[in-house]
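As given, the protein sequences belong to chains C and A, one line each in that order. By the count of the working numbering, the first sequence reaches residue 335 at its end, each step adding exactly one. By the count of the working numbering, the second sequence reaches residue 358 at its end, each step adding exactly one. This report concerns only the one structure given below.
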Amino acid sequence: MGAERLRSFLTSRRGHLAFFLAPALTLITIFYLVPLILSIYISLTPLKYWQLNRYLTDLSHPLENYYRLFYLVTHHPDIGKVVITTIVFTGLTLVVNVVGGLLLALATYLMEERFSLFYRTLWLLPRMTPIAVYSLLWYYFFHGSRFGILNSILLSLGVIHKPVWWGVDEKLLPWGAWMILVYVNGLVGVSFGMIIFYSALRSIPREQVMAARVDGATTTQLIRYVLIPSIKWHIVFVTVWELLSLLTTYAHIFLLVEWGLIDKWWGTTWALFVFNTAFTAQALDQGLAAAAATVLVAIGLVLGLITLKIMGFKELMIEPRGEL
Amino acid sequence: MVEVRLENVTKKFGRVVALRDINLRFRDGKFTVVLGPSGSGKSTLLYLIAGIYKPTRGRIYFDDKDVTNLPPNKRNVGLVFQNYALYPHMTVYENIAFPLKLRKTPQRKIDEKVHEVAKLLHIEELLDRYPHQLSGGQQQRVALARALVKEPAVLLLDEPLSNLDALLRVKIRAELKKLQEQLGITAIYVTHDQAEAMALADEIIVIHRGVIQQKAPPKKIYEEPANLFVAGFIGNPPTNLLKARLVDGAIELGGSRITIPARLPRDGYIVVGFRPEHASVDAEPLENHASIPGEVYVVEDMGKEKILTIIIGGEMVKVIAPPTAEFKPGDKVYVNIPYRRIMLFDPETGARIEA
Ligand SMILES: Nc1ncnc2c1ncn2[C@@H]1O[C@H](COP(=O)(O)OP(=O)(O)OP(=O)(O)O)[C@@H](O)[C@H]1O
Ligand SMILES: [Mg+2]
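What follows is the structure, encoded as structure tokens:
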């Protein structure tokens with residue numbers, strides 16, 4: 012009886028769908044949903060110093076961590092810096108990544124194939140370099156001693172007369188730290204957009220581009236009226252994807268702050284704040300960190316949905332080709 | 004309207020020679036058809052005229068103006084692609100309006116023009132749709148409208164009917180011809196379909212492997228093909244071509260000896276050609292005809308005619324017979340060809356030998 016029902020379910024249309032979606036759903040449940048629920052739960056407990064036995068079942072003041080977080084954001088000047096840094100970093104790097112990726116893709120699409128390949132590979136290097144090595148490279152580049160590459164170049168050109176601590180000098184903050192953050196992360200990030208946009212551009216039928224040329228389009232008009240509208244969906248996708256990954260990225264930032272290249276607070280984003288609060292010896296305040304993480308997920312979700320809405324996701328959903 | 008001229012134009016893609024030393028004149032206001040098999044360089048020729056490609060060598064003129072180095076947007080040509088190449092993110096209206104919008108035409112003028120050309124092509128009720136909501140024939144009209152709306156000096160068409168079904172093709176073909184006459188526009192039309200070429204053209208240019216084979220009005224192409232390739236490419240069924248030996252100035256074919264009133268080499272080989280519709284199949288040889296004995300192999304009844312396949316000296320030829328003809332496989336017959344309908348070709352060069 013049971014087997015019979017299972018078989019008839021699996022051969023039904025809904026059964027097919029369930030069968031094919033099952034692996035993905037299982038993975039999402041195990042690796043995303045469960046940790047998310049867990050961290051929401053932890054945010055409702057006063058967990059600290061990893062004393063699970065003592066705190067994990069304590070739900071007497073479930074919103075305490077959220078009050079504390081709100082208080083910190085509104086009253087603690089350093090946490091205020093973190094919030095502003097997160098907004099500026101995410102916004103600027105997003106623009107750099109999407110616009111930069113688009114410009115690179117268009118440039119490589121319009122240039123001759125043999126240059127194009129070389130050029131694209133060049134831009135992939137940052138992504139192929141291990142995070143620590145890549146961060147170290149920029150550590151040396153922006154280092155505040157006169158041996159820092161940027162300093163030594165500017166010194167020898169006579170632009171500056173004594174070495175500058177670009178990321179920590181009071182006079183340059185906060186922009187000094189922000190610029191380094193945007194620069195280092197942007198350079199890694201553009202290649203993602205570039206690759207997606209480039210392959211999307213390549214899949215536009217050749218004749219459509221020719222038609223636009225014959226219709227009288229200049230290169231600018233070709234880009235504006237044909238190329239960009241044709242890859243609109245890819246732009247939406249990359250924007251949302253980059254937004255969400257920028258909100259949660261912290262690996263490069265962690266190293267640069269840790270090594271003292273950029274200011275501790277003007278260089279810390281919300282994601283790094285979550286990490287520091289949960290895992291560094293000064294804090295080990297897992298409840299608070301979980302609350303901050305939950306807020307981040309919520310913000311990411313809202314921003315993601317808004318972006319999709321603004322960029323007209325519905326309009327881009329293609330009608331299925333007949334009955335499936 | 005302009006006359007388009009190509010002088011010594013060669014186009015190479017790397018080591019592939021797509022067009023070799025082309026000299027052509029496309030007459031002002033005429034419908035010229037470029038006919039050739041797949042890969043012969045037809046699209047390349049159109050793209051050169053449109054300015055999408057630059058010739059490797061040679062020059063291109065519109066009237067007296069040298070346009071060789073002008074980009075497409077400075078040439079004022081209209082081009083209809085084989086796959087139409089409509090912009091999928093624009094409505095039909097926007098597609099047609101696009102060339103005008105690029106020229107910064109005032110909106111009121113655009114509106115007027117789009118409706119005018121839409122009316123001409125009977126697609127007014129489609130203006131709000133997107134290309135994926137159209138049938139092949141409708142897309143083809145939209146593509147044509149987009150090419151015509153800017154009143155191009157030359158209209159280029161790259162196999163515009165090849166994606167349509169046979170019935171629609173014949174219908175639109177006639178409309179195209181009418182339209183071109185109406186507008187008096189210089190049209191260059193590319194196809195691999197010889198029937199289409201015959202039906203549409205004021206002049207046909209036959210091209211093969213990047214080399215012009217013949218340029219002549221349809222009637223002349225049909226009656227006096229310049230070489231073996233043209234003879235074999237034009238006509239349906241195609242021209243029968245038989246290799247024959249010359250003995251003492253006479254042609255030896257299928258065991259019989261034909262003497263033709265023409266001056267021929269005394270010996271060697273020659274290719275004899277005749278069209279299936281020009282020969283007749285009879286029980287006996289006829290006066291003033293080259294008569295070759297053969298055997299009926301297959302009879303195809305097409306209703307309005309019968310197509311007979313006859314074996315002559317080990318080779319097959321096709322002959323069209325009236326629907327009333329009573330033949331069956333195995334019949335011993337004579338294929339009778341009027342002398343003046345016999346075409347002779349040099350087997351080495353393929354060139355036709357004038358009688
Ligand atoms: N962009 C290109 N790069 C390299 N070779 C090309 C290119 N375009 C055309 N060719 C070559 O040039 C020759 C002529 O091509 P073309 O497209 O002009 O043929 P066509 O007559 O239009 O054929 P079809 O009827 O199949 O469209 C072919 O051998 C083709 O392989
Ligand atoms: Mg072609």
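Using N, Cα and C, we set each Cβ at its ideal position, and we do this for glycine too.
- Relative to ligand 2, the beta carbon of A/S46 is positioned inside 6 Å of a heavy atom.
- A heavy atom of ligand 1 is found nearer than 6 Å to the CB of A/G42.
- Judged by DSSP secondary structure, A/K174 falls within the alpha helix (DSSP H) whose first and last residues are 169-186.
- Residues of chain C whose Cβ lies closer than 7 Å to the Cβ of A/F232 do not exist, since the nearest Cβ in that chain is about 29 Å away.
- Closer than 7 Å to the CB of C/R125 there is not a single CB belonging to chain A.
- Taking all protein chains in view, the Cβ of C/S167 is surrounded by fewer than 16 other Cβ atoms within 10 Å, so the residue is classified as exposed.
- Look at the stretch 56-112 of chain A and you find these whole runs of alpha helix (DSSP H), each 4 residues long or longer: 95-105.
- Per DSSP, the continuous beta strand (DSSP E) segment holding A/V284 begins and ends at 283-285.
- For the stretch 224-235 of chain C, the set of positions with a beta-carbon nearer than 8 Å to some beta-carbon of chain A reads R224, V225, D226, G227, A228, T229, Q232 in chain order.
- Note that the stretch 65-85 of chain A does not touch the stretch 242-251 of chain A; fewer than 3 beta-carbon pairs, one per stretch, sit closer than 8 Å.
- Within the stretch 119-133 of chain A, no residue has its Cβ closer than 8 Å to any Cβ of chain C.
- For ligand 1, no non-hydrogen atom lies closer than 6 Å to the CB of A/H211.
- The Cβ atoms of A/L158 and A/A121 lie no closer than 7 Å to each other.
- The beta carbon of A/H135 does not come within 7 Å of any beta carbon belonging to chain C, so the residue lies off that interface.
- At least one CB of chain C lies nearer than 7 Å to the CB of A/N86.
- Taking a Cβ-Cβ cut-off of 9 Å, C/V179 has no neighbours in chain A, whose nearest Cβ is about 49 Å from it.
- Around A/V80, the beta-carbon contacts reaching into chain C at under 7 Å are V225.
- Taking the Cα of A/L129 as reference, the smallest distance to any Cα among A/G276, A/E206, A/P155, A/M93 is reached at A/M93.
- In the structure shown, A/L256 falls within a strand segment according to DSSP collapsed to helix, strand and coil.
- By the Cβ rule, the stretch 183-190 of chain C does not count as touching the stretch 221-241 of chain C, because fewer than three pairs are nearer than 8 Å.
- For C/L319, the CB contacts under 8 Å within the same chain, skipping 5 residues up- and downstream, are V247, V251 in chain order.
- At a beta-carbon threshold of 7 Å, none of the residues of chain C lie near A/A100; the nearest stands roughly 10 Å away.
- In terms of beta-carbon proximity, C/A211 stays away from the interface with chain A, with every pair separated by 7 Å or more.
- For C/H263, there is no enclosing beta strand (DSSP E); the enclosing alpha helix (DSSP H) has its first and last residue at 262-269.
- Taking non-hydrogen atoms of ligand 1 into account, the C-beta of A/A21 is found less than 6 Å away from one of them.
- With respect to A/I215, A/E280 sits apart: the two C-beta atoms are not nearer than 7 Å.
- At a threshold of 6 Å, A/F16 counts as near ligand 1, since its beta carbon sits closer than that to one of the ligand's heavy atoms.
- In terms of CA proximity to C/W61, C/A300 leads the group C/V93, C/A300, C/W244.
- For C/V237, no alpha helix (DSSP H) encloses it, and the DSSP letter there is neither H nor E.
- Look at A/P288: its C-beta is not under 7 Å from any C-beta on chain C.
- Between ligand 1 and A/H92, a heavy atom-to-CB distance of less than 6 Å is absent.
- Rounded to the nearest angstrom, the Cβ distance from A/V338 to A/V320 is 7 Å, consistent with a contact under 8 Å.
- Ligand 1 has a heavy atom closer than 6 Å to the beta-carbon of A/H195.
- In the DSSP assignment, A/T189 forms a beta bridge with A/V157.
- Annotated as distal: A/R62 and A/N230, with beta-carbon spacing of 7 Å or more.
- Inter-residue distance for C/T104 and A/G39 is about 55 Å (C-alpha atoms, whole angstroms).
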